[in-house]
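Q:
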Amino acid sequence: MFRTSARQNPLRSSALHLVLIVYTLICVAPILLIIMNSFKSRRGIFGAPLEFPRGETFSLEGYETVFTIGNFPLYFQNSLIVTIVSLLLTVVFGAMAAFALSEYRYRGREILTLYMILGLMVPIRLGTVGILNMMAAAGISNTLTALILVYTAQHLPLAIFVMSELMRQVSDDLKNAARIDGLSEYRILFRLVMPVMRPAIATIAVFTMIPIWNDLWFPLVLAPSEETRTVTLGAQFFIGQFVTNWSAVLAALSLAIIPMLVLYMLFSRQIIRGITSGAVK
Amino acid sequence: MGELAFRNITKRFDKTEVLRHIDFQIEDGEFVVIVGPSGCGKSTLLRIAAGLEDQSEGQVIIGGTDVSLAPPAKRAIAMVFQSYALYPHLTVEGNMSLGLKQARTPKDVIKERIAEATRILALEPYLKRKPGQLSGGQRQRVAIGRAISRHPQVFLFDEPLSNLDAALRDQVRMEIADLHRRLGATMLYVTHDQVEAMTLADRIVVMHDGVVQQIGTPRELYKTPANTFVAGFIGSPRMNMFQGQANSGVIRAPGLPPLPLPEGTALSGPVTVGLRANGLDLHPAPGAGADTSEVVDIDYLGNVCYLRLTLPDDATMVVEQRPDHPFSLGDHVTVTVQPEEVHLFDPEGLRI
Amino acid sequence: MATTDHTAPVATGKRPRRWHIPLLLAPAAIVYTLVMIWPLVDSLRLSFFDEGAPGERIFVGLQNYRALFGSDLWWGQFWNALVNNFEFFAIHMLVQNPIGIALAAILSLPALRGKTVYRTIFFIPAVLSYVIVGFVWRLILSPTWGIAPDLLDRIGLGFLYQPWLGQTDTALITLSLISVWQFIGIPMMLIYAALLSIPDELIEAAECDGITGVAQFFKIKLPLLWPSIGIISILTFVGNFNAFDLVYVTQGPFAAPDGSTDLLGTFLFRTFFGSTSQLGDPYMGATIATAMFGIIVIGVLLYLFGIQRRLTYYQM
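Chains as they are written, first to last, in my numbering: chain R, -9 to 271; chain H, 1026 to 1377; chain A, 908 to 1223.
1) Under DSSP, the beta strand (DSSP E) around His1046 of chain H begins and ends at which residues?
2) For Val1085 of chain H, which of helix, strand or coil comes out of DSSP?
3) Does chain R have any CB closer than 8 Å to the CB of Asp1152 of chain A?
4) Identify every residue that forms a DSSP beta bridge with Arg1037 of chain H.
5) Can you check whether the CB of Phe1180 of chain A is closer than 8 Å to the CB of Val140 of chain R?
6) Spatial neighbours of Ala225 of chain R within its chain, please: CB distance less than 6 Å, with the 5 preceding and 5 following residues excluded, ordered by chain position.
7) Just to confirm, is the Cβ distance from Thr80 of chain R to Ala149 of chain R under 8 Å?
8) Extract the residue ranges of the beta strand (DSSP E) inside the segment 1176 to 1216 of chain H, only unbroken runs of 3 or more that lie entirely within it.
9) Does Val1237 of chain H come out as helix, strand or coil in the three-state DSSP assignment?
10) Using DSSP with H/G/I as helix, E/B as strand and the rest coil, what is Ala190 of chain R?
11) State the DSSP-derived secondary structure class of Pro1285 of chain H, mapped to helix, strand or coil.
12) On the three-state DSSP scale, how would you describe Lys1155 of chain H?
13) Which one of A:Phe976, A:Ile1141, A:Phe955 and A:Gly977 has the shortest CA to CA distance from Gly968 of chain A?
14) Who are the Cβ neighbours of Ala1122 of chain A in its own chain at under 8 Å, not counting the five residues just before and after it?
15) Reducing DSSP to helix, strand and coil, say where Cys17 of chain R ends up.
16) Going along chain H, which residues have a C-beta under 8 Å from Val186 of chain R?
17) Just to confirm the assignment, what range does the alpha helix (DSSP H) spanning Leu40 of chain R have?
18) Got a sec, what are the start and stop residues for the alpha helix (DSSP H) Pro1309 of chain H sits in?
19) Is there a Cβ from chain A that is less than 8 Å from the Cβ of Phe89 of chain R?
20) Mind checking whether Thr1075 of chain A and Ser1167 of chain A have CB atoms under 8 Å apart?
21) Using 8 Å as the limit for Cβ to Cβ distance, is Leu70 of chain R near chain A?
22) If you check the beta carbons only, do Val1105 of chain H and Pro1185 of chain H fall under 8 Å apart?
23) Nearest to Leu91 of chain R by CA position, among R:Leu256, R:Met106 and R:Leu77, is which residue?
24) Taking contact to mean 3 or more Cβ pairs, one atom from each stretch, closer than 8 Å, check whether the segment 1359 to 1366 of chain H and the segment 1295 to 1307 of chain H are in contact.
25) Nearest CA to the CA of Glu1042 of chain H: which residue from H:Gly1089, H:Asp1234, H:Gln1158 and H:Thr1211?
26) By a C-beta neighbour count over all protein chains shown, 10 Å radius and 16 as the cutoff for buried, is Leu1208 of chain A buried or exposed?
27) Taking 8 Å as the CB-CB cut-off, is Asn235 of chain R touching chain A?
28) Identify, in the order they occur along the chain, each residue of the same chain with its Cβ nearer than 6 Å to the Cβ of Val252 of chain R, setting aside the five sequence neighbours on each side.
29) Quickly, what does DSSP pair Ile1271 of chain H with across the bridge? List them, please.
30) Is the distance from the Cβ of Ile248 of chain R to the Cβ of Ile1102 of chain H below 8 Å?
31) Going by alpha carbons, who is nearest to Pro946 of chain A out of R:Pro201, R:Pro113 and R:Gly52?
32) Could you tell me if Tyr1155 of chain A is buried or exposed, where buried requires 16 or more neighbouring beta carbons within 10 angstroms of its beta carbon?
33) Measuring only the C-alpha atoms, how far is Gln1165 of chain H from Gly1088 of chain H?
34) In whole angstroms, what is the alpha-carbon distance linking Ala1128 of chain H and Gly172 of chain R?
35) Going along the segment 1261 to 1280 of chain H in order, which residues come within less than 7 Å of chain R, judged by CB to CB distance?
36) Taking beta-carbon pairs under 9 Å, can you tell me which members of the segment 978 to 1001 of chain A lie near chain R?
As structure tokens, this is what we get:
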């Protein structure tokens, strides 16, 4: 207890808070500025960019443009499908492989493990040429399936690496008790080990989700068509076209920011606990 | 019904043999404890009995059936683990019924079995709780209840008391002993604690380095240890061991009076002499001498005292005395030996 | 020991094969091999080919590499991108990681209040897309909107303003700092986690020995953090080669102004897909990707054998 209160130096602690508050402003101000100005008219954006929208400057014209011209509901749908399906495949396949690599002893296991986590060190983008050729050969260029496959492959190494480390920590006794109770290896994995690891899996899920949702490279090279466009790519195209229509650009940016921001706020406690509990080390 | 036999079990991890030619049988209704230091292979043997580990050679026979290749659930065994191993997401009731449901046991039978286990272990108040809401002792009782509800032919216990604190350990140990009397079931119990082994077992199996050292009742192991390992492992405080020379019917060891060889043995050469702390008597000596020892430490335990002596050749020896003994630190004493309490071992460590 | 009595029938045959192991491994192994490893290998292979007649692929040996490393056209661009990439990396190492470590050190002080709030906020930029971050900063720094000059004016530093993203000598640094701004939360979190794993007793012992405050950080905590800092460095290094989006979004595929912000990622993209002035060339693209792969491997090996070995891991 003596460390928490008795020896608090008020001067030192306010200096620290000053530093932290300044950095907080650096972090949030740019984002706030964009969201704030997206609710203003053109005149408001240029006349008083640092003020909150008020009666005469408030306007939704930017959002109207985005919704009448852009195809954002479709992009949203695409992003959601790609992100959620890739996420599910990554977690399920990753957990299965991690279990096979951490639970049993057999010859070649170390080499297999090394092979499966090799991808941690090599950016998948370097294989873009090969991926494009393969997707073309398989006839799935410009489909969401192609994106899903790429993202699943890309995120499997991290998922396998983290989950196999964590699975080693799940009590052997518990798994053995289940074997004596007659549960199959699959049921032990899906009904016992994965529920026990739920917090860690949630963290992995969020960390898989963010880069998938935000990726620009693969939507751009693999699925740039209008029907398969993701939000990130859609925003990029939209902004490129409407670069002079400031209110529309700001509205599009806000629309892209807000879902991730809300998701992060909802799960931030969980995410931070996940990272700091050693899920990623 | 209910007997468990190991037939010539050998287990290798890569090239290392961790179990060598284990071959013994546990009779129906018998309580057998395997005891040994950590790393002796006792847990591996238990896991082989459960089918959680494959033996490299040999067979496991349970209730007259060779189950060497059967999966754990098909072996008619139940296991209680050191870490309890309760399913954290299921209630106490769910923990006890999962295995039965998995085996497609009829609902009314499951109900009956759970009621039985609940009654035996007084688990009624906890049935709807999750393991996280129970104390260590309660969790271990639930784990035992889960084993009971399976109606196994053989109960396997893997150091079930190690995670409990001292007071609870005694209590749960007594509950396990009671349980054995009430159910009359075959039990195989693994521990590193020789006190647990001595108090619970009908027969004890002492293991060391993957080899069975001796099998016998607690009394047999204490009275006639088969080798120096068993002699040193069973009994507290540890048996005192000295290197001596046998010559013309008498054994001489530094600091000890000459000991007569047991009748009918003609022996000469080096021997190991084992003396338990309670087989020795002390007599005051006027001062230091070639055959006297010095009292260097006194442990007062209330009902007994243990005195640590330094012998003339700097070896140490522990002697049990009644609490009202007349000695104090620094005293010089001579030691005499009760002849029936002398254990002799040959240079290979085997009992003579 | 051999007292076997054969009353029980001996079970014959082998234990059933453990089919569940290959079944559990298969989905991940197949997707990963087909979509990640095979294309990487295929890209490597393609770098030894070129297009002969339209639609025909011919083996050309090391010709692409000779072009990349030997011709003015390619080598100039490659070298420029490589140097820029290292500058980008250096700025991350010198700015992002020290600030991240400092923030983590402050946030791990037990007496500090509100640390959850700070922690949550500092990580926000890292969950946003490069596209968003790039545009946000482009707008803020843009002379048209005038937010940046206006803000500088208010604190009396208006004379400092320049269109940083538009000048060849400042654009790359500015972009690097934007990326630092975005990802500072990651080293912060990892270091924070490492700091939490230092046992309280150790810190209390240091307090009893009179080692407090800044001295405590440098003498007690930092030596225990080096392995984590090593991991962060290698993550920064590898991540660096992914840096395409930010440049593409803010400066376009030509890495304006005048190629001064060109990184290997944008160079690869431009070569592969072509641009208004140049046709796409998948074979040269594959060559560049292979060269990048080589650089990453060299970097990782240098780290593993040069640095990692010298780091002391303390048992805690």
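All C-beta atoms in this analysis are idealised placements derived from N, C-alpha and C, irrespective of residue type, glycine included.
A: So, from the listed chains and residues:
1) Thr1041 to Ile1051
2) strand
3) yes
4) H:Glu1042
5) no
6) Ala242 and Ala246
7) yes
8) 1179 to 1183 and 1211 to 1216
9) strand
10) helix
11) strand
12) coil
13) A:Phe955
14) none
15) helix
16) Pro1113 and His1114
17) Premise fails: Leu40 of chain R is in no alpha helix (DSSP H) and is neither H nor E.
18) Not the alpha helix (DSSP H): Pro1309 of chain H falls in the beta strand (DSSP E), residues Leu1305 to Pro1309.
19) yes
20) yes
21) no
22) yes
23) R:Met106
24) yes
25) H:Asp1234
26) exposed
27) no
28) none
29) Before going on, a small fix: residue 1271 of chain H reads as Ala here, not Ile. Looking at the DSSP assignment, Ala1271 of chain H forms a beta bridge with H:Ile1276 and H:Gly1294.
30) no
31) R:Pro113
32) buried
33) 27 Å
34) 7 Å
35) none
36) none
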